[in-house]
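Asks: One structure is given below, represented as structure tokens, and several questions about it will come after.
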Amino acid sequence: MGVLVMTKTQLRSKLRKLLDTLGDIKAELYDLRDEVEETRDSIEPYEGYNDLTPEQEERQEWLEECQYAIENLVECLQSSEIDELESIAED
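Rendered as structure tokens:
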């Protein structure tokens, strides 16, 4: 098995690319969360009815669960050691 040897500059460069990619993923997750929320909120009773159908309610609940799952992913990204990695990349 070979040993990977990198200079400090190479390591920082790769770390910056990784941080940029993580930032892009986070932005995409925010966009997806907003789209899911908008779709969930746009579900309305059919014309002439006051209540959602069971299928509409189920879809609304499913979308809400998706929204929470996406928010959990964003929180995982935020709570990871990204700040520490950013400080290393800037040293």
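The working numbering applies: residue 250 is where the sequence shown begins, and numbers increase by one. Ideal Cβ positions, reconstructed from N, Cα and C, are used throughout, including at glycine.
1. Quick check: the stretch 299-306 against the stretch 318-337, are at least 3 beta-carbon pairs closer than 8 Å?
2. By Cβ distance below 7 Å, which residues in the same chain neighbour Val285 in space, the five residues on each side in sequence not counted?
3. In chain order, what residues of the same chain have a beta carbon less than 6 Å from the beta carbon of Asp269, not counting five sequence neighbours either side?
4. Once DSSP output is grouped into helix, strand and coil, what is the label at Pro303?
5. Could you work out which residue in Gln327, Glu330 and Leu322 is closest to Leu278 when comparing CA atoms only?
Replies: With the structure as the only source:
1. no
2. For this step, residue 285 is matched to residue 36 along the sequence shown. These residues qualify, in order along the chain: Leu312, Cys315, Gln316 and Ile319.
3. Position 20 of the sequence shown, counted from the first residue, corresponds to residue 269. Counting only Cβ-Cβ distances below 6 Å, and skipping sequence neighbours, we find nothing.
4. Counting from one through the sequence shown, the residue named residue 303 turns up at place 54. Pro303 falls in the helix class under three-state DSSP.
5. In the sequence shown, the residue the question calls residue 278 occupies position 29. Answer by Cα proximity: Leu322.
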